[in-house]
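Asker: Sharing a structure below in structure tokens format, with a few things to ask.
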Amino acid sequence: MHMSHKHKMSYEPVQNFGSCCFLQSENLDYYSSSDNSGHATYPSVRTSEQYCTLESSTKNSFPSLNSPSTVSFSPNNSPVSKLQPKSYVLSSQNSLEIANDSLENESCLTHDDNELRHKIRELESVMLGHDADILDMYDTVIPEESESFLLEAERWKKMMEMISRGDLKEMLCTCAIAVAGNDMETTEWLMSELRKMVSISGNPIQRLGAYMLEALVARLASSGSTIYKALKCKEPTGRELLSHMHLLYEICPYLKFGYMSANGAIAEVMKEESEIHIIDFQINQGIQWVSLIQALAGRPGGPPKIRITGLDDSTSAYAREGGLEIVGERLSTLAKSYSVPFEFHALEVAPTEVEIKDLKLRPGEAIAVNFAMMLHHLPDESVDSQNHRDRLLRMAKCLSPKIVALVEQESHTSNLPFFPRFVETMNYYLAIFESIDVALPRENKERINVEQHCLAREVVNLVACEGAERVERHELLEKWRSRFTMAGFSPYPLNSFITCSIKNLQQSYQGHYTLEERDGALSLGWMNQVLITSCAWR
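1 is the number of the first residue of the sequence shown in full-length UniProt numbering; add one for each residue after it.
So, in structure tokens, the structure goes:
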């Protein structure tokens, strides 16, 4: 959910109808994916504004199918066969007509089929002579071509039925299968149909569909970092991006849930400590630590001395328009207002390169390690033989921390092949888009900005990129359990007070949020889709 600035993307109005554009529709009925609405009908979209997504050579037209056994489309978009019903006629001297490819009144035949066929063949040989070889050719070609044509016609018929049902999820999946199979005719045709149905101001599946469609086009256009160079974008300013990120933080409880549960575990473990050193491997804007400083300020016997070491990321640095010293100054001012002894250490090192000596450990400090929505950005064993994900966990174990807090998105995208990853991405982000739909009106411009600049980047990276260029690599809780256990950690169950606080947070938001406790970990979701998981280790 927190995106890397390595893949930049935004949108601006254009007039080029040939490029891949998002169409903003009017008066679209509400659609929810959670009830598997496969029979929703999408009206034609009247364009009020166009948002360019990338410079694409994909044309908004139907594919040309030149094979005699394929199907083309008439001006009214109905399938038209290029293969007419066959009627073969031999020369008049020895005439024999083959029509309709079948015998009528088959049930009237009383002789054994093989014996009858043999007798007919003998008669044909006498009558036709060498022309019987021609008949053999027809016997072979007709069934093969007919079968190929029927299969192709049936495939296009099913796609036409799918479009008539208006099932956008099914169409996106079918298009993804065509992309995976390099079926360009089907891909281009489905993309032309999908562009009529998606809208960044529509219902949740239409809005997400716009970004999923862009991701498919980007995947076809190029690979790796060049995908984003092909995007025709208007990048938001740092101040604008910070505003979008803050709005997402406020309208959805996901980040608050993660920060609150992690802080609760840290505060409980550190309640007797006089000096606390928090190592945050992706501090973002430092907002997580505001509530912890306030809580520790009121501790009986006085607050402890707090030192925070923070590592930066490119997106957060861009949003704040400066380095980590800005975060340090804000937190220092806050701590001073609460009379909390405070020190901030900005670490200008990437998580893949950090070493223990960089952390400047001091004797007598109780160490807390924080991994909030950042481990899934590190390459694992499927990408890099160094496996930075496990390396960082082993290094954290060497610090002998009193507690390690983990907050991650509950999704399985790390090493999935393309199509299963496409489906997983669609289901996961659709739940997020549905929750946003409850919080902000569809025509709200700020909602569009939040989805474009805070969520769409992740979607495009997950679908369009492969290898080291794909930085969004989520794992499920069970996989994280395995990694932490192998690194030598033991679970630290979250107590009932933390769970109660999270329930109060959940109830303060409208919608179908769910909270589940599993083996000492807390999971927040939307309806039947788990989205964020928080747990602690020691």
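Glycine included, each C-beta is placed from N, C-alpha and C at the ideal position.
My output table needs one value for residue 400: the three-state DSSP class, helix, strand or coil.
Answerer: Reading the sequence shown from its first residue, position 400 is the one you call residue 400. Coil at residue 400, not helix or strand.
Asker: Could you give the DSSP three-state label for residue 437: helix, strand or coil?
Answerer: Start at 1 with the first residue of the sequence shown, and residue 437 comes out as number 437. Under the three-state reduction of DSSP output, residue 437 falls in the helix class.
Asker: Just tell me which of 331, 336 and 379 has its CA closest to the CA of residue 353.
Answerer: By one-based count along the sequence shown, residue 353 stands at place 353. When only C-alpha atoms are compared, the closest one is 379.
Asker: Within the continuous beta strand (DSSP E) that includes residue 411, where are the two ends?
Answerer: The residue you call residue 411 lines up with position 411 of the sequence shown. Where residue 411 is concerned, there is no enclosing beta strand (DSSP E), given that its DSSP letter is neither H nor E.
Asker: Using CA coordinates, which residue listed in 260, 387 and 281 is at the minimum distance from residue 293?
Answerer: Reading the sequence shown from its first residue, position 293 is the one you call residue 293. Nearest C-alpha to residue 293: 260.
Asker: Just how far apart, CA to CA, sit residue 355 and residue 428?
Answerer: Position 355 of the sequence shown holds residue 355. Position 428 of the sequence shown holds residue 428. Each residue's alpha carbon lies about 34 Å from the other.
Asker: With 16 as the cutoff for other CB atoms within 10 Å, does residue 510 come out buried or exposed?
Answerer: Taking the first residue of the sequence shown as 1, we reach residue 510 at position 510. Flag for residue 510 reads exposed.
Asker: Of the residues 235, 368 and 290, which one's Cα is nearest the Cα of residue 279?
Answerer: Locating residue 279 in the sequence shown gives position 279, where the first residue counts as 1. Answer by Cα proximity: 368.
Asker: Are residue 310 and residue 276 touching if we call contact CB-CB under 9 Å?
Answerer: Residue mapping note: residue 310 aligns to position 310 of the sequence shown, counting from 1. Residue mapping note: residue 276 aligns to position 276 of the sequence shown, counting from 1. Taking 9 Å as the cut-off, the beta carbon of residue 310 is found no closer than this to the beta carbon of residue 276.
Asker: What are the start and end residues of each continuous beta strand (DSSP E) run of 3 or more residues lying completely inside the UniProt region "Leucine repeat II (LRII)" (326-358), in chain order?
Answerer: 342-347
Asker: Compute the Euclidean distance between the alpha carbons of residue 262 and residue 150, then round it to the nearest angstrom.
Answerer: Numbered from its first residue, the sequence shown carries residue 262 at position 262. Numbered from its first residue, the sequence shown carries residue 150 at position 150. Distance between the alpha carbons of residue 262 and residue 150: 60 Å.
Asker: Does the distance from the C-beta atom of residue 468 to that of residue 494 stay below 9 Å?
Answerer: Your numbering for residue 468 matches position 468 in the sequence shown. Your numbering for residue 494 matches position 494 in the sequence shown. Not in contact: residue 468 and residue 494 (Cβ atoms no closer than 9 Å).
Asker: Whole angstroms are fine: how far does the CA of residue 164 sit from the CA of residue 239?
Answerer: Mapped onto the sequence shown, residue 239 falls at position 239. Mapped onto the sequence shown, residue 164 falls at position 164. So the two alpha carbons sit approximately 44 Å from each other.
Asker: What span of residues does the beta strand (DSSP E) with residue 275 cover, start to end?
Answerer: In the sequence shown, residue 275 corresponds to position 275, counting from 1. Residues 275-280.
Asker: Measuring only the C-alpha atoms, how far is residue 366 from residue 337?
Answerer: Within the sequence shown, the letter at position 366 stands for residue 366. Within the sequence shown, the letter at position 337 stands for residue 337. Going by the C-alpha atoms only, they are around 24 Å apart.
Asker: Give the straight-line distance between the Cα atoms of residue 540 and residue 512, rounded to the nearest whole angstrom.
Answerer: Shown here, the chain extends from 1 to 538; a query on residue 540 therefore has no answer.
Asker: How long is the line joining the alpha carbons of residue 530 and residue 423, rounded to whole angstroms?
Answerer: Counting from 1 along the sequence shown, the entry for residue 530 is found at position 530. Counting from 1 along the sequence shown, the entry for residue 423 is found at position 423. Rounded to whole angstroms, residue 530 to residue 423 spans 15 Å at the Cα level.
Asker: Just checking my contact of residue 472 with residue 458 at CB under 8 Å: how many whole Å lie between their CB atoms?
Answerer: In the sequence shown, residue 472 corresponds to position 472, counting from 1. In the sequence shown, residue 458 corresponds to position 458, counting from 1. Confirmed, about 5 Å.
Asker: With a CB to CB cut of under 7 Å and the five nearest residues on each side skipped, what residues in its chain are close to residue 247?
Answerer: Within the sequence shown, the letter at position 247 stands for residue 247. Taken in chain order, the residues that qualify are 446 and 450.
Asker: List the endpoints of the continuous alpha helix (DSSP H) containing residue 464.
Answerer: Translated into positions along the sequence shown, residue 464 becomes position 464. Note, residue 464: alpha helix (DSSP H), 456-464.
Asker: Taking C-alpha atoms, which residue in 515, 316, 434 and 271 lies nearest to residue 295?
Answerer: Counted from its first residue, the sequence shown places residue 295 at position 295. Closest by alpha carbon: 271.
Asker: Quick one: grab the DSSP three-state call for residue 371.
Answerer: Within the sequence shown, residue 371 is the residue found at index 371, counting from 1. Correct three-state label for residue 371: strand.
Asker: By a C-beta neighbour count over all protein chains shown, 10 Å radius and 16 as the cutoff for buried, is residue 159 buried or exposed?
Answerer: Looking up residue 159 in the sequence shown gives position 159. Classification for residue 159: buried.
Asker: Look at the Cβ atom of residue 465, then the Cβ atom of residue 492, and state whether they are nearer than 9 Å.
Answerer: Taking the first residue of the sequence shown as 1, we reach residue 465 at position 465. Taking the first residue of the sequence shown as 1, we reach residue 492 at position 492. No, the pair does not count as a contact, with Cβ atoms beyond the cut-off.
Asker: Identify, in the order they occur along the chain, each residue of the same chain with its Cβ nearer than 6 Å to the Cβ of residue 388, setting aside the five sequence neighbours on each side.
Answerer: On the sequence shown, position 388 is the one that residue 388 refers to. Hits under 6 Å: 352, 378 and 379.
Asker: Spatial neighbours of residue 489 within its chain, please: C-beta separation below 6 Å, excluding the five flanking residues on both sides.
Answerer: As a working note, residue 489 is residue 489 in the sequence shown. Within the same chain, residue 489 has close Cβ partners 537.
Asker: How many Å lie between residue 373 and residue 147 at the Cα?
Answerer: On the sequence shown, residue 373 is found 373 positions in, with the first residue counted as 1. On the sequence shown, residue 147 is found 147 positions in, with the first residue counted as 1. Rounded to the nearest angstrom, the two C-alpha atoms are 53 Å apart.
Asker: If I measure Cβ to Cβ from residue 376 and keep anything under 8 Å in the same chain, skipping five residues before and after, which residues do I get?
Answerer: As a first step, residue 376 must be located in the sequence shown, where it is residue number 376. Here the set comprises 408, 409, 414, 472, 473, 474 and 475.
Asker: Check the DSSP bridge columns for residue 310 and list the partner residues they point to.
Answerer: On the sequence shown, residue 310 is found 310 positions in, with the first residue counted as 1. Paired residues: 280 and 346.
Asker: Does the Cβ of residue 288 have 16 or more other Cβ atoms within 10 Å, making it buried, or fewer, making it exposed?
Answerer: Start at 1 with the first residue of the sequence shown, and residue 288 comes out as number 288. Residue 288 is buried by the Cβ-count criterion.
Asker: Suppose contacts are defined by Cβ-Cβ distances below 9 Å. Is residue 191 in contact with residue 173 by that definition?
Answerer: Counting from 1 along the sequence shown, the entry for residue 191 is found at position 191. Counting from 1 along the sequence shown, the entry for residue 173 is found at position 173. No, they are not a contact pair.
Asker: How big is the Cα-Cα spacing for residue 456 and residue 218?
Answerer: Position 456 of the sequence shown, counted from the start, is the residue given in the question as residue 456. Position 218 of the sequence shown, counted from the start, is the residue given in the question as residue 218. Using only the alpha carbons, I get a separation of about 13 Å.
Asker: Report the option in 215, 443 and 371 whose CA atom is closest to the CA atom of residue 401.
Answerer: The residue you call residue 401 lines up with position 401 of the sequence shown. Closest option to residue 401, Cα to Cα, is 371.
Asker: With a threshold of 16 other CB atoms inside 10 Å of the CB of residue 44, please say whether the residue is buried or exposed.
Answerer: The count along the sequence shown starts at 1 and reaches residue 44 at position 44. Residue placement at residue 44 cannot be trusted, given a pLDDT of 36 that sits under 50; what the coordinates show is reported in the next sentence. Only exposed fits residue 44, as fewer than 16 other CB atoms lie within 10 angstroms of its CB.
Asker: Using CA atoms only, rank isn't needed, just tell me which of 454, 420, 403 and 257 is closest to residue 243.
Answerer: Numbered from its first residue, the sequence shown carries residue 243 at position 243. It is 454.
Asker: Taking the Cβ atom as the reference point for each residue, do residue 171 and residue 154 lie within a distance shorter than 9 Å?
Answerer: For the purposes of this step, residue 171 is identified with residue 171 of the sequence shown, where counting begins at 1. For the purposes of this step, residue 154 is identified with residue 154 of the sequence shown, where counting begins at 1. For residue 171 and residue 154, no; Cβs fall outside 9 Å.
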